[in-house]
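Be aware that the sequence shown starts at 1, since it is given in the UniProt record's numbering, and climbs by one per residue. Down below is the structure, laid out as structure tokens.
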Amino acid sequence: MSEPINDWMDAYLRAWDSNEPDDIRALFTEDAEYYTLPGRPAKAGIEAILAWWDDARDEAGDYTFRWEPVSVTPNRAVIQGYTDYREREGYHNLWIIDFAPDGRASRFTEWWVEVPADGSGPKGATLPTSED
Numbered sequence: 001m002s003e004p005i006n007d008w009m010d011a012y013l014r015a016w017d018s019n020e021p022d023d024i025r026a027l028f029t030e031d032a033e034y035y036t037l038p039g040r041p042a043k044a045g046i047e048a049i050l051a052w053w054d055d056a057r058d059e060a061g062d063y064t065f066r067w068e069p070v071s072v073t074p075n076r077a078v079i080q081g082y083t084d085y086r087e088r089e090g091y092h093n094l095w096i097i098d099f100a101p102d103g104r105a106s107r108f109t110e111w112w113v114e115v116p117a118d119g120s121g122p123k124g125a126t127l128p129t130s131e132d
């Protein structure tokens with residue numbers, strides 16, 4: 001038996017590759033909130049999500065993505081993802097996906113850390129050292 005998060009992630013990756021509105025609609029409720037970073041205003045509602053997705057679209061073959069579950073409950077999943085682009089920086093991702101009873105996402109929040117294409121390591125906050 002397939003886990004619901006596996007099915008949802010498979011559908012997300014299909015939508016990411018296709019950029020087809022019907023594939024994207026299948027992922028989110030009509031009133032879903034999509035946060036591209038915590039603290040930023042949400043893309044509120046499926047039409048706003050579709051518009052944002054089209055503006056930020058990636059093309060199939062330009063990237064690879066792998067993921068693993070961190071925590072999964074019937075109503076929420078947290079996944080860690082890794083996005084590698086062929087021609088630019090990649091990202092380490094953390095996604096929180098809240099599910100409606102029908103299995104679509106009602107709220108999606110992502111955190112991401114840029115990883116330079118040269119492999120020099122993630123850009124992000126650093127901890128102070130004893131020399132600071």
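Using N, Cα and C, we set each Cβ at its ideal position, and we do this for glycine too.
Query, Result
"If we ignore side chains and look at the alpha-carbon of each, how far apart do alanine 56 and asparagine 19 end up?", "10 Å"
"How is glutamate 87 classed by DSSP in three states: helix, strand or coil?", "coil"
"Identify which residue in Arg40, Ala100 and Trp52 has its Cα closest to the Cα of tryptophan 111.", "Arg40"
"Leaving aside the five residues before and after proline 4 along the sequence, list all residues of the same chain whose C-beta is less than 7 Å from its C-beta, in chain order.", "Gly103"
"On the CB-based measure, 16 or more other CB atoms within 10 Å of its CB, does leucine 27 come out buried or exposed?", "buried"
"Is phenylalanine 108 near tyrosine 82, with beta carbons less than 8 Å apart?", "no"
"In terms of residue numbering, what span does the beta strand (DSSP E) encompassing proline 69 cover?", "63–72"
"Using a Cβ-Cβ cut-off of 7 Å (strictly less than) and excluding sequence neighbours within five positions of alanine 42, which residues of its own chain qualify?", "Glu33, Tyr34 and Tyr35"
"Comparing alpha-carbon positions, which option in Met9, Ile24 and Trp8 lies nearest alanine 15?", "Ile24"
"In its own chain, which residues sit with a C-beta less than 7 Å from the C-beta of proline 38, not counting the 5 before and 5 after it?", "Thr109 and Trp111"
"Is it right to say arginine 77 is buried, meaning 16 or more other beta carbons lie within 10 angstroms of its own, or is it exposed?", "Residue 77 is actually alanine in this sequence, not arginine. Its Cβ being crowded by 16 or more others within 10 Å, alanine 77 is buried."
"With 16 as the cutoff for other CB atoms within 10 Å, does threonine 73 come out buried or exposed?", "exposed"
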